Structure formats: structure tokens, C-alpha cells
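Q: Just so we're aligned, residue -12 is where the sequence shown starts under this note's numbering, counting upward by one.
Here a beta-carbon is modelled for each residue, glycine too, at the ideal position from N, C-alpha and C.
Given the structure is predicted, the values throughout are model-derived calculations rather than measurements.
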Amino acid sequence: MSESFAELFEESFASQQLKSGAIITGTVVAVNDDVVMISAGLKSEAVIPIEQFQNDQGEANVSVGDEFEVALDAVEDGFGETKLSREKAIRARTWIELEKSFEKSEVVTGIINGRVKGGFTVEIDNVRAFLPGSLVDVRPVRDPAYLEGKSLEFKVIKLDQRRNNVVVSRRAVVEQEYSAEREQLLESLQEGKTVKGIVKNLTDYGAFVDLGGIDGLLHITDMAWKRVKHPSEVVNVGEEIDVKILKFDRERQRVSLGIKQLGDDPWHDLARRYPPNSRLFGKITNIADYGCFVEIEEGVEGLVHVSEMDWTNKNVNPSKVVQIGEEVEVLVIEIDEERRRISLGIKQCKANPWAEFSTTVNRGDKVSGQIKSITDFGIFIGLDGGIDGLVHLSDISWDDTGEEAVRNYSKGQEIEACVLAIDSERERISLGIKQMDKDPFSGWLADHPKNTVVKGTVTEVDARGATVDLGDGVFGS
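If you want it as C-alpha cells, here you go:
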């Protein structure tokens, strides 16, 4: 560095050059209410306003005989008086100390006393410095009011006396302090250990927690055993919480935290507590297109698939069956503890119309109902209990083909049918319309035993033979 301000100061002080700006030593010879009289070995004594000797509390701690450094403001003006300044001497000395601190990267003490664009002003012994807003702390400070007016430590990061420019950083001091604390903290962190921390900020996927110099991630899936839609449901910014260290990568300085791990895992031994086919009550926590989620105990949710909600409507809209917050009875269908999945059913806790039908109606019984729909393969008839039975095309008529016979029926029509088969497990009921009448072929055979001579009309002849109409819808060949 070229000749520094400190060197210039020492030279002027040593040689006592009597020129404007020189720093000399003066002795107090008198103290009045408004001025202090100083003798500095000059032709005349000088007076300095007493305000220049006052501290921050407005007290002037000065007595006759005290020695002070003062700056030579003017050497014998037109009236033969010498002007001295205690204030300028303090400022000059401060610049010297600032320069030394800057070169040695030492801390200086100052007071934040105002706000300016981009930061704050800091008073350091009558020298005004600039503190950028980004250098107030290691983390963003939303409201720095608590720092204003306090004596704080800073580091000088830029110094230019000619331009009267001083830039300081409090962050550099805090980082240095944090560095030591951080090392101590890193030594104490262990997986499985429970520690305290303060929630710094929230994201959609979790929360960052300050452990006292190092941040840890509390993932949303580790906040609670139950489903959490957003971290704000569990923690708030600024809140002090207990967390367990799940993973600690010292090399990358990454810490994974958990809250739910502080308690017992509710999924442990769940299959024993809720064996298949057991019934219990739970609360609806969420509704989706494919079903609804039911909390059966704190932290344990199961899925009721849409197909397990209603006996008769396999594609029912879940929101038309249940509401969030509603308490419902469910049956445990299956539990997979390893994958943490529970299959539940709502319809199983209600009467099964297929089973009821099978116990009250027998094969061969007649039933009636309204045609619900007509398809390419048959007619669906609505029965008691909200279930349907199918009349296959082949069971509509003895005489006509199914395609021809089905044309005689329409949706909404009331008809009777005969029960042909019941399969309550597969939820299928087979019905027949033609079975409501006697089978003409069986009746004809009963009236015409084997070897009976019969008469008929030839209706068709081909290479294989002839087709004969025997009457009553019976044909022979």
C-alpha cells in the first residue's frame, strides 16, 4: 500500500506541523457551560464547543488539566485566533483505526442509527458507514428494528477515505460466530437423537428447521403418520419444535428430520389389531374419483375403493355416498403392513341384496320387474333390493330367435320371468321369459313316445334330407 493515512497522521503528529488539518495535543485550561478552553502551545488559546466533548448521554466528562487530541482547523484567522476541533480529531483517529481493522480483518464497534436505500447507516465514532441490507445477518431480516440503536460488531469490507466511503458487514461477524457454533453442533448431531429447532420456512414438500447453525429438512411425509396436505397443518414459521434426526450426511452437511418418529408407529402390529372381516368405525378424510380414505385411528388411513362402496352401483360417485368428516362403519378386507395399505369396504357393513335374494328366492320361482336396459345379448330386469337379473336372448322365446323376440320388449316395460340360476358370490341372476310357459318340445315328446307314428308337413328339402313340421312348433328331420 502507498503511504497510508495512518502514516501521514503519525508524521503530522510527530512533527507538529502547524497547518490546517494537523492533529496536535492540547490541554484543558478552562471548562465553561458552553465551551472548553484548550492550550496547544500555540500563540493563543482556543475554544471548542462543549458539545464536542459530550457522550451519547449528553454528559461532558472533561476537567481542567485533561489532555486531548485536537485537529487544527485554522491557524490564526483574521482576528488572530486559532480554531481547534475535537470532533475532527476523533474522526481522524477513527479513520486510522478503521484502516488498521480493515487491513487485519478485525471487528469494529458501531451503532445502526438509520435506514437508507439498500441498507442502513452505522455510526462508528463520528464516522458514518454503510451497512447493506443483505449483510445484516446470515439470513434475511424482515424487521431490523430490534437491532437499531444497539452497539454491535461489524467488519469493514470496503474503505475509501478520500470519498468518505466505509462499507461494513455484520453478516461476516455472525458467520464467524456461527462457524464455531456450527462445528460444535456438527460434532453433536447423531442419527436417532432428539433435538430442538426453530421452523425457518415452509415449502409444499416440507419445512426447514434451524438446529442452531445448520438447517435440517423436515419432509412432509415425516411430519405425521397420517396424511398431511400441507406443512402448515403441523408446524408454523418461528415455532420451536422437537424433532428426531433420521439421517445425517456430515460431508454434505444435510440433515433429515422427523416428527412422527418421536412417537410409536401406529402401523406396527396393525394386522393383529384389525384382522380381516373385522368391523370398525372411522372418519372420512379425503374423497377421490376412485374411492375415499378413512382414518381408523390416529395416523392410520385405509382406502375404500369405489367398487366397495355400494352393492348395486360399481361406478358410483364417492361424493354422493360419503362426505369428508363423516363417521362411517367399514369392514377390513386386507392389510399390507409392509406397504402400509389397508383395503376397506363400506358396502359389506350393509345388507347384501344378492345374498338376501338367494335366501328368499329359489330356482324356478317367478319374479317380476321393470326392464332396466336391453343389450345385444339380452334384457336386464330390475328386481327387489336394487339388483338386476339377466334374460339371455336364448331364454326369451321358444319359437322365435332371440334377435326377433327381443324386439317385442322395451325399456321400462313390466314383465315376469322365471329364476333359472342364482350366483350371489359373482352377483349374477339368470332369468328366463320363455320358461314361464311349458317347453313345447318336452310336451310333445311326452305325448309321443318313441316309435310313435306321426304326421307332418315337409317344409324344407336339401342334400342332407328333409325338415318336417310336426305341429306345436316342433320340427323333425
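1. Quick one: Cα of residue 397 to Cα of residue 353, how far?
2. Between the Cα of residue 442 and the Cα atoms of 450, 454, 449 and 448, which residue gives the shortest distance?
3. Let me check understanding here. Comparing Cα to Cα, which of 96, 266 and 95 lies closest to residue 316?
4. Pull up the distance between the alpha-carbon of residue 211 and that of residue 259, whole angstroms please.
5. Pair every Cβ in the stretch 358 to 368 with every Cβ in the stretch 394 to 408, then say whether three or more of these pairs are closer than 8 Å.
6. The alpha helix (DSSP H) spanning residue 87 covers which residue range?
7. Where does residue 305 land, buried or exposed, given buried means 16+ other C-beta within 10 angstroms?
8. DSSP three-state label for residue 344, please.
9. On the criterion of 16 or more Cβ atoms from any shown chain inside 10 Å, does residue 79 qualify as buried, or is it exposed?
10. Which first and last residues belong to the beta strand (DSSP E) in which residue 41 is found?
11. Does the beta-carbon of residue 1 have 16 or more other beta-carbons within 10 angstroms, so that it is buried, or is it exposed?
12. Alpha carbon to alpha carbon, how far is residue 382 from residue 449? Give it in angstroms, no decimals.
13. Determine the direct distance from the alpha carbon of residue 378 to that of residue 387, and round the result to whole angstroms.
14. Let's test the definition: count the other Cβ atoms within 10 Å of the Cβ of residue -11 and tell me whether it reaches 16, buried, or not, exposed.
15. Could you check the C-alpha separation between residue 98 and residue 15 for me, to the nearest Å?
16. Leaving out the 5 sequence neighbours to the left and right, which residues in its chain are closer than 7 Å to residue 70 when beta-carbon positions are compared?
17. Helix, strand or coil for residue 509? Go by DSSP, reduced to three states.
18. Considering only residues of the stretch 193 to 248, which uninterrupted beta strand (DSSP E) runs meet the minimum length of 3 residues and lie entirely inside it, listed in chain order?
19. Below 8 Å CB to CB, which residues in the same chain sit around residue 226 once its five sequence neighbours on both sides are set aside?
20. Roughly how many angstroms separate the alpha carbons of residue -4 and residue 138, rounded to a whole number?
A: The relevant details are as follows:
1. Roughly 20 Å between the two C-alpha positions.
2. Nearest to residue 442 by alpha-carbon distance, out of 450, 454, 449 and 448, is 454.
3. Answer by Cα proximity: 266.
4. CA-CA distance, residue 211 to residue 259, rounds to 22 Å.
5. Contact holds between the stretch 358 to 368 and the stretch 394 to 408, because three or more Cβ pairs, one in each stretch, are under 8 Å apart.
6. Residue 87 -> alpha helix (DSSP H) spans 73 to 91.
7. With 16 or more other Cβ atoms within 10 Å, it is buried.
8. In the three-state reduction of the DSSP assignment, residue 344 falls in the helix class, which pools H, G and I.
9. Around the Cβ of residue 79, a 10 Å sphere holds 16 or more other Cβ atoms; the residue is buried.
10. For residue 41, no beta strand (DSSP E) run applies, since DSSP gives it neither H nor E.
11. The predicted position of residue 1 is uncertain, since its pLDDT is 44 and thus under 50; a value taken from the coordinates is nonetheless stated next. With fewer than 16 other CB atoms across the displayed protein chains lying within 10 angstroms of its CB, residue 1 is exposed.
12. In a straight line, the C-alpha of residue 449 is about 29 Å away from that of residue 382.
13. Approximately 15 Å, taken between the alpha carbons.
14. A caution first: residue -11 carries a pLDDT of 46, below 50, which makes its placement in the model unreliable, though a value can still be read off. Burial call: exposed.
15. The alpha-carbon atoms of residue 98 and residue 15 are separated by roughly 29 Å.
16. Excluding positions up to five away in sequence, the list reads 33, 60, 61 and 64.
17. In the structure as shown, the chain starts at -12 and stops at 464, and residue 509 therefore has no counterpart that could be examined.
18. Taking only runs of at least 3 residues, the beta strand (DSSP E) segments lying wholly in the stretch 193 to 248 are 193 to 197, 202 to 206, 227 to 236 and 241 to 245.
19. The residues are 185 and 186.
20. Only weak support is given to the placement of residue -4: the predicted model assigns it a pLDDT of 47, under 50, and the question is left unresolved by the model.
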